Amino acid sequence: MKRMKSKLFQTFTLALATVCAVHFALPATTHAQTAAIAAAADSTGLTVTSKAISVTKGKTTTIQVMYNGQKLDPTRATWSTSNSSVATVKDGVVTGKGTGTVFITVKYSGESIKIRTTVSNPDTLDANMTKASMKKGNEQTVRLTFNGKTLENNKASWTSSNTSVATVKNGVITAKANGTATIAAYYKNLFVLIDVSVESNTSGKLEANETKLKLDKGDKETIKLKYDDETLSGSKATWTTSKSSVATVDDGEVTAKGKGTAIITAKYKNDKVEIEVVVDGSGASDGKLEADTDELSMKKGDKKTIKLTYDDKKLTGSKATWKTSKSSVATVKDGVVTAKAKGTAIITAKYKSYEVEIEVTVKDSNSSGSLEAEDTSITIKKGKKDTIYLLYDDKSLKGSKATWSTSNSSVATVKDGVVTAKKTGTATITAKYKGDSVKIKVTVE
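Taken in order, the sequence shown gives residues -32 to -1, 1 to 413; the numbers are from mature numbering (1 follows the signal peptide of the UniProt record, and there is no 0).
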């Protein structure tokens, strides 16, 4: 009897389990079918893996296209670019040509998609020197720039090929013994090399920044000295001229007196250096001082170098005399401008009797760049719509974040950048963001 009851209980339990499995499995099957249907719906039509891509100038990237959930052969679609000088496209392969932002358009079977494409310059790492001649026991600091901006030395990795000759820590090279070594700085898969030569410091060497000067009558030029690789004040040396009727010298400052040639000699300790001075007696020069820019826009803390030319030849920044109209905004040394605080300052470079001015505008370090629109003029047919795309600080800005207005709502209206053409005519659409604005002319046909 007990065996019969046990068997009946087992049979009942098995039946109950089967019923439960069938009952609860049905909703799971229904959910799976629903998900499949939703996925199929999402993949209908033309799609791309991303509507915003980036590529480095000179490099390529490929846009993957799907149609109705299936991979589409890119050669079957039509491709175009809004600016071929920035990026080109062929069969989905985008090539970076110049820096900026463009829109790549793909069309297939009556549908089209725009892909915002940003092209940037390849990363660069530079040092302020490639060679260094040092005396035993001296130190010298290497300064790095990454993509043209100052890079803190402790962010890079530093090595020396011969630590018995020269060591390095956070860019500070210490000369240990006679010989040569190569200092390397590494940052983000990039590197720079500095060849270091170390000599004993038993005897110094006197050097001048010029070996020959060409001056016009009345011109003044200062010769700068170094002894044992360190700056030497002109007043510490003894100066002489071979012909005072041609050129005189006072603590290194040479004054051109009359046409001819003279030899300026500087002596210090047991060393000397000679500089040939050639003077044109006409008193007039056809030289021209120019800077590579007449205005700079900087952020607080940034550094930028102004490059000069004189008489169409490169002029070292240290040869000119520099000054700033407002040192609290921007300072300058040998052409290197340092942004100190928000405001405007005038940097002046003077060489011989010529000078050039550069206007420097400094923004807060957390301020952004200007507001730009993809198009400054668009044409729309009556009843149609078109979207204006914005950039702020070279980055995509959602239309909903800007404030929009129209000069003539009977011709065209705008909301979050979407323009609706109402009737034939013209209107000006204005977008405003963070105190900046941009205008777009709209023509309705």
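All residues carry an ideal CB built from backbone N, CA and C; glycine is no exception. Note that the coordinates shown come from a computational prediction; the quantities given were computed from them, not determined experimentally.
With DSSP as the reference, identify every bridge partner of residue i, one or two as the case may be.
i	result
lysine 272	Val305
glycine 147	Val166
glutamine 38	Tyr35
serine 364	Leu359
valine 412	Ile348 and Gly393
threonine 17	DSSP output for threonine 17 lists no bridge partner at all.
serine 84	Note on identity: in this sequence residue 84 is arginine, with serine being the wrong assignment. Paired residues: Ala20 and Phe71.
lysine 287	Its beta-bridge partners do not exist; DSSP assigns none.
serine 378	BP columns for serine 378 are empty, so no partner.
threonine 12	Bridge partners of threonine 12: none, in fact.
serine 373	Thr398
alanine 45	Note: alanine 45 sits in no beta bridge, so no partner.
serine 405	Lys400
lysine 318	Thr289 and Glu323
serine 265	Thr329
lysine 281	Tyr278
glutamate 79	Tyr76
glutamate 340	Leu359
lysine 58	Val61
lysine 383	Val386
When you compare each of the options to residue i by their alpha carbons, which one comes out closest?
i	options	result
lysine 363	Gly68, Leu14 and Tyr278	Gly68
tyrosine 278	Lys402, Gly269, Asp270 and Ala288	Ala288
serine 125	Val110, Val245 and Lys58	Val110
leucine 365	Asn157, Ile314, Val241 and Arg84	Arg84
glycine 393	Tyr236, Asp404, Ser378 and Asn51	Ser378
lysine 272	Leu183, Val387 and Leu119	Leu119
lysine 156	Phe114, Asn130 and Thr63	Phe114
alanine 45	Ala95, Ser52 and Asp59	Asp59
lysine 211	Asp219, Gly228, Ser203 and Gly220	Gly228
isoleucine 243	Asp270, Ser213, Trp207 and Lys268	Trp207
glycine 64	Ser22, Ala309 and Asn376	Ser22
serine 50	Gly66, Pro42, Val57 and Val70	Val70
serine 203	Gly220, Thr216 and Lys194	Gly220
valine 54	Val410, Gly26 and Thr43	Gly26
asparagine 238	Ser88, Pro90, Tyr195 and Gly269	Tyr195
lysine 123	Lys99, Thr98, Ala149 and Phe159	Phe159
valine 412	Ile72, Thr388 and Val406	Thr388
alanine 215	Leu257, Val241, Lys182 and Thr56	Lys182
serine 132	Asn121, Thr150 and Lys117	Thr150
threonine 12	Asp354, Tyr35, Thr24 and Thr28	Tyr35
asparagine 106	Gly147, Thr56 and Val166	Val166
What do you get for residue i, buried or exposed, if any count of 16 or more other CB atoms within 10 angstroms of its CB means buried?
i	result
valine 247	buried
glycine 385	buried
glutamine 38	exposed
glutamine 32	exposed
leucine 339	buried
glutamate 342	buried
tyrosine 154	exposed
leucine 112	buried
alanine 307	buried
lysine 103	buried
leucine 161	exposed
valine -11	Because valine -11 sits at a pLDDT of 37, beneath the cut-off of 50, its placement in the model cannot be relied upon, and the following sentence gives the value as read from the coordinates. When all chains shown are included, valine -11 counts as exposed.
glycine 351	exposed
glutamate 303	Before going on, a small fix: residue 303 reads as glycine here, not glutamate. Classification for glycine 303: buried.
alanine 8	For alanine 8, the predicted model reports a pLDDT of 40, less than 50, meaning its position is unreliable and no value from the coordinates is stated.
lysine 320	buried
serine 213	exposed
serine 80	exposed
threonine 344	exposed
threonine 292	buried
alanine 20	exposed
threonine 381	buried
serine 52	exposed
phenylalanine -24	Summary for phenylalanine -24: the model assigns pLDDT 45, below 50, so the residue's position carries little reliability; its value from the coordinates is reported in the next sentence. Exposed.
phenylalanine -9	Note on phenylalanine -9: pLDDT 41, under 50, position unreliable in the model; no value is reported.
residue 472	Nothing can be reported for residue 472: it is not among the residues displayed for the chain, which extend from -32 to 413.
threonine 179	exposed
aspartate 61	One detail in the question is off: residue 61 reads as valine in this sequence, not aspartate. Exposed, because fewer than 16 other Cβ atoms sit within 10 Å of the Cβ of valine 61.
Cβ contact (3+ pairs, closer than 8 Å) linking the region 223 to 232 and the region 183 to 197: yes
In chain order, each beta strand (DSSP E) run of at least 3 residues that lies wholly inside the region 90 to 161: 93 to 95, 99 to 103, 107 to 109, 112 to 114, 117 to 119, 125 to 128, 134 to 137, 140 to 143 and 147 to 155
Stretch-stretch touch, CB-based, cutoff 8 Å, three pairs: the region 394 to 407 with the region 367 to 375: yes
Contained beta strand (DSSP E) runs [length at least 3] in the region 173 to 251, N- to C-terminal order: 174 to 176, 180 to 184, 188 to 190, 193 to 195, 198 to 200, 206 to 209, 215 to 218, 221 to 224, 228 to 236 and 239 to 248
The region 195 to 209 / the region 121 to 138 touching (three or more Cβ pairs under 8 Å): no
At least three beta-carbon pairs within less than 8 Å, the region 74 to 82 to the region 140 to 155: no
Inter-stretch contact (C-beta, 8 Å, three-pair minimum) for the region 255 to 268 and the region 313 to 320: yes
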